[in-house]
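Undergrad: Below you'll find the structure I mean.
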């Protein structure tokens, strides 16, 4: 388990890197382990709406860059992890809560009620509400991916600047899946710029 000081160090050392060594390869096994660890992130009602498309084919990386504002890192990173939001994540409610019962996390009667509540609540939610939920949850899991990647010695940069409609069309996403962000991962070829932060006393209020 990471010590507090080590976690803080990883958080401080994580920067948005935009120049990558194009010759560095990250195995699919490594990326799968990274994502397996990252999905411990919390999500709304534990519906886990995140889906991932790992793009490690250089030709595909080049193709998606045509509608991603020609960002160098999209083509030179070892891989691009597209973070996708599943707007129908609630259809997995019964499976998720049944697994909680199997693992001894909760009694069956409670699990059944929670599953039904999730199906009812999310199944009747508006498109806008579901979009807000999957975007929020995608942010939680993406932050974990970036910190875990840094712990492994890799750098990342999250990118929201791409044509999401064209990406969805190119990748032939089903109607229930929406692209949220692209995350480049690889070995830095040049240091990232430092970035300042506003004073904390301008950002925090207590009880007002």
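Residue numbers (my numbering): 4 to 211. Note that the Cβ used here is the ideal one computed from N, Cα and C, for glycine as well.
1. Are the CB atoms of residue 44 and residue 185 nearer to each other than 7 Å?
2. To which residues does DSSP link residue 180 through a beta bridge?
3. How long is the line joining the alpha carbons of residue 72 and residue 165, rounded to whole angstroms?
4. Hey, how far is the Cα of residue 67 from the Cα of residue 170?
5. Between residue 82 and residue 100, how many whole angstroms is the CB-CB distance? I'm expecting something under 8 Å.
6. Go ahead and label residue 52 buried or exposed: buried means 16 or more other beta carbons lie within 10 angstroms of its beta carbon, across all protein chains shown.
7. Should residue 189 be labelled buried (16 or more other beta-carbon atoms within 10 Å of its own) or exposed?
8. Under DSSP, the alpha helix (DSSP H) around residue 123 begins and ends at which residues?
9. By the 10 Å Cβ neighbour count, where 16 or more other Cβ atoms means buried, how is residue 29 classified, buried or exposed?
10. Go through its chain and collect everything with a Cβ distance to residue 144's Cβ below 8 Å, but skip five positions before and after it.
11. What do you get for residue 204, buried or exposed, if any count of 16 or more other CB atoms within 10 angstroms of its CB means buried?
12. What's the C-alpha gap between residue 183 and residue 88?
13. Quick check: residue 160 and residue 19, are their CB atoms within less than 7 Å of each other?
14. Per DSSP, residue 20 forms a beta bridge with which residues?
15. Buried or exposed: which applies to residue 48, given that a residue is buried once 16 or more other Cβ atoms fall within 10 Å of its Cβ?
16. Confirm, please, whether the CB-CB distance from residue 17 to residue 153 is below 7 Å.
17. Between 21, 37 and 181, which has its C-alpha nearest residue 75's C-alpha?
TA: Once the coordinates are examined:
1. Their beta carbons are not under 7 Å apart, which means residue 44 does not touch residue 185 by this criterion.
2. DSSP output for residue 180 lists 89 as bridge partner(s).
3. C-alpha of residue 72 to C-alpha of residue 165: approximately 7 Å in a straight line.
4. Taking the CA atoms as reference points, residue 67 sits about 7 Å from residue 170.
5. In fact, because the Cβ distance is near 33 Å, the residues do not count as touching under 8 Å.
6. Buried, since its Cβ has 16 or more Cβ neighbours within 10 Å.
7. Residue 189 is buried by the Cβ-count criterion.
8. Here the alpha helix (DSSP H) through residue 123 covers 111–126.
9. Looking at its Cβ environment, which holds 16 or more other Cβ atoms inside 10 Å, residue 29 is buried.
10. Residues 41, 42, 44, 46, 53 and 86 of the same chain have their beta carbon placed closer than 8 Å to that of residue 144, with the five preceding and five following residues left out of the count.
11. Exposed, by the Cβ-count rule.
12. Rounded to whole angstroms, residue 183 to residue 88 spans 7 Å at the Cα level.
13. Using a Cβ distance threshold of 7 Å, residue 160 and residue 19 count as a contacting pair.
14. The partner list for residue 20 (beta bridge, DSSP) is empty, contrary to what the question assumes.
15. Buried: at least 16 other Cβ atoms inside 10 Å.
16. In this structure, residue 17 lies closer than 7 Å to residue 153 by Cβ.
17. Looking from the CA of residue 75, the closest CA among 21, 37 and 181 belongs to 21.
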